[in-house]
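K.L.:
When the letters of the sequence shown are read in order and numbered with the numbering used here, they come out as residues 9 to 211.
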Amino acid sequence: MSEDEATVKIDDRIVGVTPLGTLEVGGGPRTVAVEKEGFIVYKSDLEIREKKTTTLNARLIPSAQYVSAYEDEARLWRNMAWLGFAVGAAGTVATVALAVSAGAKADEVNQDIEAFNAQVERPSAQRRDLGETQKAVATLDALTLVSAGVALAGFGTGTFFWTWGDDPDRYDHIRTDAKVAPGPTVTLAPLPTAGGVAILGQL
Numbered sequence: 009m010s011e012d013e014a015t016v017k018i019d020d021r022i023v024g025v026t027p028l029g030t031l032e033v034g035g036g037p038r039t040v041a042v043e044k045e046g047f048i049v050y051k052s053d054l055e056i057r058e059k060k061t062t063t064l065n066a067r068l069i070p071s072a073q074y075v076s077a078y079e080d081e082a083r084l085w086r087n088m089a090w091l092g093f094a095v096g097a098a099g100t101v102a103t104v105a106l107a108v109s110a111g112a113k114a115d116e117v118n119q120d121i122e123a124f125n126a127q128v129e130r131p132s133a134q135r136r137d138l139g140e141t142q143k144a145v146a147t148l149d150a151l152t153l154v155s156a157g158v159a160l161a162g163f164g165t166g167t168f169f170w171t172w173g174d175d176p177d178r179y180d181h182i183r184t185d186a187k188v189a190p191g192p193t194v195t196l197a198p199l200p201t202a203g204g205v206a207i208l209g210q211l
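(1) What does the alpha-carbon distance come out to for the pair Ala102 and Arg135?
(2) For Ser155, is the classification buried or exposed, using 16 other Cβ atoms within 10 angstroms of its Cβ as the cut-off for buried?
(3) Here's the rule: buried if 16 or more other CB atoms are within 10 angstroms of the residue's CB, otherwise exposed. What is Val128?
(4) If the criterion is Cβ atoms closer than 9 Å, does the pair Gly96 and Gly173 meet it?
(5) Among Ala146, Trp90, Val75, Gly34, which has the Cα closest to the Cα of Ala112?
(6) How is Ile121 classed by DSSP in three states: helix, strand or coil?
(7) State the Cα-Cα distance for the pair Ala72 and Asp180, rounded to the nearest angstrom.
(8) Grab the span of the beta strand (DSSP E) containing Gly24 for me, first residue to last.
(9) Measure the alpha-carbon distance for Glu45 versus Tyr78 and round it to whole angstroms.
(10) Is the beta carbon of Asp175 closer than 9 Å to that of Ala82?
(11) Going along the chain, which residues of its own chain have a beta-carbon closer than 7 Å to the beta-carbon of Asp53, five neighbours each way excluded?
(12) Under three-state DSSP, which class holds Val49?
(13) Considering only C-alpha positions, which residue in the set Arg86, Glu122, Val158, Val117 is nearest to Arg178?
(14) Less than 9 Å between the C-beta atoms of Val25 and Glu11, yes or no?
(15) Have a look at Val188 and Ala107 and give me their C-alpha separation to the nearest angstrom.
(16) Tell me the DSSP secondary structure of Lys17 in three-state form.
(17) Excluding sequence positions up to five away, which residues of its chain have a Cβ less than 8 Å from the Cβ of Val75?
(18) Ordered along the chain, which non-local residues of its own chain (more than five positions away) have a Cβ less than 7 Å from that of Ala126?
(19) Which residues does DSSP list as the beta-bridge partners of Val42?
(20) Restricting to runs no shorter than 3 residues, where is the beta strand (DSSP E) found entirely within the region 100-187?
(21) Between which two residues does the beta strand (DSSP E) carrying Arg67 extend?
(22) For Leu84, which three-state DSSP category applies?
As structure tokens, then:
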């Protein structure tokens with residue numbers, strides 16, 4: 009697990025934010041610090057020698073408050089995703105049920121209309137009942153469309169929160185096995201020019 013946007017300092021001077029390109033500094037003793045809000049500051053003293061590459065693997069440890077706040081927000085987004093998926097699933101079930109019911113009702117009323125039209129005498133009361141049944145079928149059709157829209161909105165919302173939300177289990181290993189999160193790697197290497205070194209920061 010890596011941490012982006014960690015600030016790298018050489019002798020209390022900011023040299024960049026991870027991931028870094030190659031930077032030039034003078035040789036000799038140097039203090040490298042890696043900082044990120046919510047994490048314990050990492051510091052290490054190094055002796056940069058000419059024609060020698062020194063690699064520093066900094067490990068950032070998040071604070072308990074940072075982990076708690078991170079997990080609260082991540083779980084909120086994940087719960088919203090599950091809620092969206094649940095609404096989408098419920099909307100899908102309702103859509104299928106309404107569509108089946110509307111189809112069966114439509115077939116029934118069409119048969120009744122054909123039978124009504126085949127009669128010599130067509131009572132007005134029966135005509136009125138058929139009209140009411142047709143309205144009921146139209147209402148079922150409208151509800152089917154609304155339910156389908158709710159299903160699409162639910163799945164869309166769930167996908168959004170799942171895709172853009174953070175993983176709530178990202179820092180679980182810190183509690184389970186006491187391992188710390190590996191932070192940025194800062195590589196210090198001599199430059200071809202005399203008295204300089206290259207700093208290569210990566211995650």
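Even glycine gets a Cβ: it sits at the ideal position worked out from N, Cα and C.
P.N.:
So, from the listed chains and residues:
(1) Roughly 31 Å between the two C-alpha positions.
(2) Classification for Ser155: buried.
(3) exposed
(4) Between Gly96 and Gly173, the C-beta gap is not smaller than 9 Å, which leaves the two residues out of contact.
(5) Ala146
(6) helix
(7) CA-to-CA, the gap between Ala72 and Asp180 works out to about 12 Å.
(8) 21-25
(9) 12 Å
(10) Yes; because the gap between Cβ atoms is below 9 Å, this pair is in contact.
(11) So the list reads Pro37, Thr39, once near-sequence residues are dropped.
(12) coil
(13) Arg86
(14) no
(15) Since pLDDT at Val188 reaches only 45, below the 50 mark, its modelled position is unreliable, and the value read off the structure follows with that caveat. In a straight line, the C-alpha of Val188 is about 54 Å away from that of Ala107.
(16) strand
(17) Tyr179, Ile182
(18) none
(19) Residue pairing for Val42: DSSP places it in a beta bridge opposite Val16, Tyr50.
(20) If we require 3 residues or more, the region 100-187 turns out to have no beta strand (DSSP E) run fully inside it.
(21) 62-68
(22) helix
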